[in-house]
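Q:
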Amino acid sequence: MTAWLICWTPLSLSGEACLRREDDMVNSFVEHIVWDWNGTIFGDSRALIDATIQAFAMCGMPPITVADYQREHTQPIPVFYNRLAGRVLSDEEQAQLDECFQAAYQRYRDNIMLTHDSIDAMSLWRTANRSQSLLSMHPHDRLVPLIERTGISEFFTRVDGTIGVLTRKAPHLAEHLDRQGIRADRAVVIGDSVDDARAAQACGAHCLLYHPGEDALHAREHFQELGVPIVETLIDAVGQLLDPSVGTLNRRLARADEPTVVGVVPAFEESV
């Protein structure tokens, strides 16, 4: 089993890699995918929504709906909770909501599977002899066991979760690319949040946003405002990168062979 040793340190975004203009990247040769975890590879978006709804109910907050969640979704989470509550919550209220959310999410954890086409998508990219890694805002010490238990560690050149407090993905992405020696303009972030798109933009990387429909964390309008390509399946995301009409890999490849890994997350006792 692959072992991952990550020591995260803050990285300034003022360097050359994070100042490349988008129009300089149009014809770049994309050689590396940075996958997001929650809501992208790990199909837990509906669990996150339902756990938040339950947390608000458990804490005696005003009731919220799926539409409320998607309309107000943002990061960092305390700001998101303020928006859902319609007011600025106290530190005690934020802590209580977090505790209730963790308890609610844990009840869903054991039944969550990988996104239905994630293994096909990662296999297809690997067949193209391109590299891929995983970057998440999920705590690193909880993320790595989850990935190892799904049997997908072999796909990734590197796995990075967060260590300590980190509210935005941009510095996390910059560090992730830098540690692998990957040029930002040769990388594409595939994720399901506005923060993924903004992180890619800040670092000069490409981005494709995955929107699974009614279970998405964001209202689709949030993505449209960003001007970033939107895909409804992960296979479609990789397919677009392999399509010669997009101008990235210059050739079309057949679907990957049937994957040999199993995309089911076994029971895991840690909280989210």
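My numbering puts the first residue of the sequence shown at 129, with every later residue one more than the last.
Note that CB positions come from ideal geometry on N, CA and C, so glycine has one too.
Just so it is clear, the structure is predicted and the values come from calculations on it, not from any experiment.
1) Does the distance between the C-beta of residue 252 and the nearest non-hydrogen atom of the ligand GTP fall short of 8 Å?
2) Per DSSP, what kind of secondary structure is residue 288 in: helix, strand or coil?
3) Classify residue 317 as helix, strand or coil using the three-state DSSP reduction.
4) Is the Cβ-Cβ distance between residue 297 and residue 323 less than 9 Å?
5) Ordered along the chain, which non-local residues of its own chain (more than five positions away) have a Cβ less than 8 Å from that of residue 316?
6) Restricting to Cα atoms, I'd like to know which of 344, 258, 266 is closest to residue 310.
7) I'd like the span of the alpha helix (DSSP H) that includes residue 250, first residue to last.
8) Quick one: give me the first and last residue of the beta strand (DSSP E) that residue 189 is part of.
9) Would residue 319 be called buried (16 or more neighbouring beta carbons within 10 Å of its own) or exposed?
10) Could you compute how far the alpha carbon of residue 219 sits from the alpha carbon of residue 290?
11) Measure the Cβ-Cβ separation of residue 175 and residue 228 and say whether it is below 9 Å.
12) Note down the Cα distance separating residue 308 from residue 276, rounded to an integer number of angstroms.
13) Would a C-beta distance cut-off of 9 Å place residue 274 and residue 170 closer than the cut-off?
A: Working from what's here:
1) Ligands are entirely absent from the displayed structure, and the ligand GTP is therefore not among its contents.
2) strand
3) strand
4) yes
5) 158, 160, 161, 162, 328, 333, 334, 335, 336, 369
6) 258
7) 246-255
8) Residue 189 -> no beta strand (DSSP E), and no H or E assigned at all.
9) buried
10) 22 Å
11) no
12) 20 Å
13) yes
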